[in-house]
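Chemist: 1 is the number of the first residue of the sequence shown in the UniProt record's numbering; add one for each residue after it. Note that CB positions come from ideal geometry on N, CA and C, so glycine has one too.
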Amino acid sequence: MTATPSTRVGFIGLGNMGSGMTHNLQKAGYALVVNDIRRESAAALLENGAIWADTPAEVAAQSDVVITMLPTPRHVDTVVNGKNGILAGIADGGCWIDMSTSVPDVANGVRFDHADRGLRILDAPVSGMSVGAASGMLQIFVGGSSNDFEELLPIFKAMGDPERILHVGAAGTGYAVKLMINQLWFSHLVATAEVLSIGVKAGVDLGVLRASLIASPANSNFVQHDVLSILGDGDYDEGFSIALACKDLGLSIDLARSVGVPAELSGLVEQIYRRARAQYGDAAGEMSPVRLYEDLSGINLRLNDSTPSSPADVVAAVAAAEEAAEVSANAAVAASVAASAAASAVASSVNADLASA
C-alpha cells in the first residue's frame with residue numbers, strides 16, 4: 001500500500017508537535033481520524049473535516065495508518081496496549097508509526113506478542129521543535145522496513161523537509177538516532193552556557209565572544225543559531241519543557257547503559273538539567289540551564305544593537321575598543337602631566353614663601 005491522499009490517517013497526540021503535524025497532513029489532503037486527552041485541541045481539525053474518535057481503538061479501527069505522537073514511553077504503552085488501545089482496534093496487517101521520542105520496548109513487545117497479526121511498525125521520531133511541526137519542515141528519522149518506509153514516504157513528506165527525511169536502519173534505530181541527536185544538542189547547550197558565562201565574567205564582550213566562536217573550529221549550530229533566542233529575546237523555549245528534556249536525557253543514558261557504553265559526560269549534562277528543573281520547575285523551557293549559569297554567575301547573557309555578530313564586526317569592535325583605550329590612556333597621561341605641573345608650581349610657590357620668610 002503506497003500512501004496517497006485517499007489513505008485515512010489516524011493521529012493520537014495533538015500537543016505542541018502533533019497539532020502542527022496534523023494541520024500539515026490535512027493541508028496535504030489526508031483524511032484524519034484524531035484523538036487526544038483534550039478534545040478541544042482538535043477543534044480546528046474537526047472544523048476542517050477531521051473525524052473525532054473517543055479512544056485509540058476507535059482511531060485504529062477507522063484508519064489505514066495510525067500515528068502516535070506522545071510525551072513518554074509510558075504514554076505510548078498505555079495508548080497501544082491499554083484498555084481500548086490501538087491493538088484493540090487495528091486490523092491484522094495494519095500500520096502503526098510511532099513518532100514519539102521514545103525507546104523500542106513497546107514496539108518490540110508488540111512485534112513479539114502479536115507476530116501472527118502481520119502488523120507493520122515503524123519508529124519515526126522527529127526534530128525541529130514546534131516551529132518545524134507547524135511549517136511542515138521537520139527532520140524525520142525512520143527505523144523499520146525499507147519497503148514500508150518507501151510506501152509511507154508521502155505521509156512523512158507532508159510533515160517534514162523532503163531533504164531531511166531519512167531511513168536510518170532497522171526497527172528501533174529511529175528511536176536511537178533521535179535520542180543521540182537530543183543528547184548532543186543538550187550537551188552543546190550546557191557547554192555553550194558555561195563558555196559564554198566564563199568569557200563574559202572574564203571581561204570579553206558577549207558579541208565578540210560569540211562571533212569569535214563562530215569563526216573558530218568551536219562553531220556549532222547551537223552557537224550560531226539556537227542560542228540567539230536567549231541572547232536576543234530572553235526566550236528559554238517554554239514550547240518544550242525541561243521536564244521532557246530530562247526525560248529524554250534519562251532515556252539516552254538508559255540506552256547507553258543497555259549497550260554497554262560509558263556515558264559520563266551525558267550523566268553530567270543530565271545532572272545540570274535536573275538542577276535547573278529543580279530551580280525553575282517542570283514547565284520551564286528546555287534552555288533553562290543557560291538561565292542557571294546566568295544566575296549562578298550573576299550575569300545576564302543578552303546581546304544589544306551594537307553587539308558584534310560576525311568576524312568582521314569583531315575586528316571593528318576590537319579596533320574601536322583599542323582606539324578608545326588609547327584615547328583614555330592619552331587622556332590619563334595628559335592629566336598626570338598636568339597634575340605634576342600643578343604640584344611643581346605649588347612646591348615652587350611654597351619654597352619662595354619660605355625663602356622670603
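To the nearest angstrom, how far is the alpha carbon of L189 from that of D235?
Modeler: Straight-line Cα distance between these residues: approximately 14 Å.
Chemist: Quick one, are the C-beta atoms of L46 and R8 less than 9 Å apart?
Modeler: Not in contact: L46 and R8 (Cβ atoms no closer than 9 Å).
Chemist: Quick one: measure Cβ to Cβ for I86 and A57, integer angstroms, because I've assumed they're closer than 8 Å.
Modeler: Confirmed, Cβ separation roughly 7 Å.
Chemist: Does DSSP put I242 in a helix, in a strand, or in coil?
Modeler: If DSSP states are grouped into helix, strand and coil, I242 belongs with the helices.
Chemist: By DSSP, does P162 sit in helix, in strand, or in coil?
Modeler: Strand, per DSSP.
Chemist: Start and end of the beta strand (DSSP E) containing D116?
Modeler: No beta strand (DSSP E) contains D116, which DSSP labels as neither H nor E.
Chemist: Nearest to G136 by CA position, among H114, L122, I121 and I165, is which residue?
Modeler: If we check each option's Cα against that of G136, I165 comes out closest.
Chemist: What does a CB cutoff of less than 6 Å around A284 pick up in its chain, not counting 5 residues either side in sequence?
Modeler: Within the same chain, A284 has close Cβ partners I242.
Chemist: Helix, strand or coil: how does DSSP classify I155 here?
Modeler: DSSP places I155 in helix when its eight states are reduced to three.
Chemist: What distance in whole Å lies between the Cβ atoms of H167 and V142, which are believed to be in contact at a cut-off of 8 Å?
Modeler: Between H167 and V142 the Cβ distance is about 5 Å, and since that is below 8 Å, they are a contact.
Chemist: Any contact of the stretch 288–300 with the stretch 194–211, i.e. 3+ C-beta pairs under 8 Å?
Modeler: Touching, yes, given that three or more Cβ pairs across the two stretches are closer than 8 Å.
Chemist: Would V80 and T72 qualify as a contact pair, given that the criterion is a beta-carbon distance under 9 Å?
Modeler: Contact flag unset, no.
Chemist: Return the chain-ordered ranges of every beta strand (DSSP E) run that is complete within the stretch 268–299 and spans a minimum of 3 residues.
Modeler: None, since the stretch 268–299 contains no complete beta strand (DSSP E) of that length.
Chemist: F11 lies in the alpha helix (DSSP H); which residues open and close that run?
Modeler: Unbroken run through F11 is the beta strand (DSSP E), R8 to I12; no alpha helix (DSSP H).
Chemist: Spatial neighbours of T4 within its chain, please: C-beta separation below 8 Å, excluding the five flanking residues on both sides.
Modeler: Within the same chain, T4 has close Cβ partners P154.
Chemist: By the three-class DSSP mapping on this structure, what secondary structure does L303 have?
Modeler: In this structure, L303 counts as coil in the three-state DSSP scheme.
Chemist: Check the C-beta distance from F240 over to M129 and give it rounded, since I have them as a contact under 8 Å.
Modeler: F240 to M129, Cβ: 6 Å. Contact.
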